[in-house]
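Following: one structure in structure tokens, then a few remarks.
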Amino acid sequence: MEYKDEASTWLWMKRILVNECLMELRRSANFTMVPEQEAAEQSFDYNIIDEIAAETIHTLIAELPIGYRTVFNLVALEGYSHAEVAEQLQISEGTSKSQLNKARQLLQKKLQTLGYAAHIR
1 MEYKDEASTW
11 LWMKRILVNE
21 CLMELRRSAN
31 FTMVPEQEAA
41 EQSFDYNIID
51 EIAAETIHTL
61 IAELPIGYRT
71 VFNLVALEGY
81 SHAEVAEQLQ
91 ISEGTSKSQL
101 NKARQLLQKK
111 LQTLGYAAHI
121 R
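In the working numbering, the protein residues as written are 1 to 121.
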């Protein structure tokens, strides 16, 4: 591998870290996947993020079941496509979409219990 610049090196290291974490998750087999048929797109107002402390958001995401949390982090936070997530986790693309949807629904319920219901559709 040829050194290009610091940004390229960080991206390369991040990719290795993500892949190693995914391999460990696969080895531990702690995923609870939801059937593909349950996938349905859910509307969510992302402007709510501006009103919630980062620590609260982090805590809510950390409370998600591991399968939901993994897909949510990869798609919503890391920007991976469902096809990439499906390949990395050895699941179907539909299952990735379903897991993301379930994660969003669960986060929505948690936000509603914290009093942010007016901002969620």
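Cβ coordinates follow ideal geometry from the N, Cα and C atoms, glycine included.
- Residue environment for T70: buried (at least 16 other C-beta atoms within 10 angstroms of its C-beta).
- Looking from the CA of L89, the closest CA among C21, D5, L114, K14 belongs to C21.
- With fewer than 16 other CB atoms across the displayed protein chains lying within 10 angstroms of its CB, K4 is exposed.
- In this structure, the alpha-carbon of N19 lies about 20 Å from that of I61.
- Measuring C-alpha to C-alpha distances from G115 to each of R27, T56, G67, W12 identifies T56 as the nearest.
- Distance between T59 and N101, taken at the CA atoms: about 19 Å.
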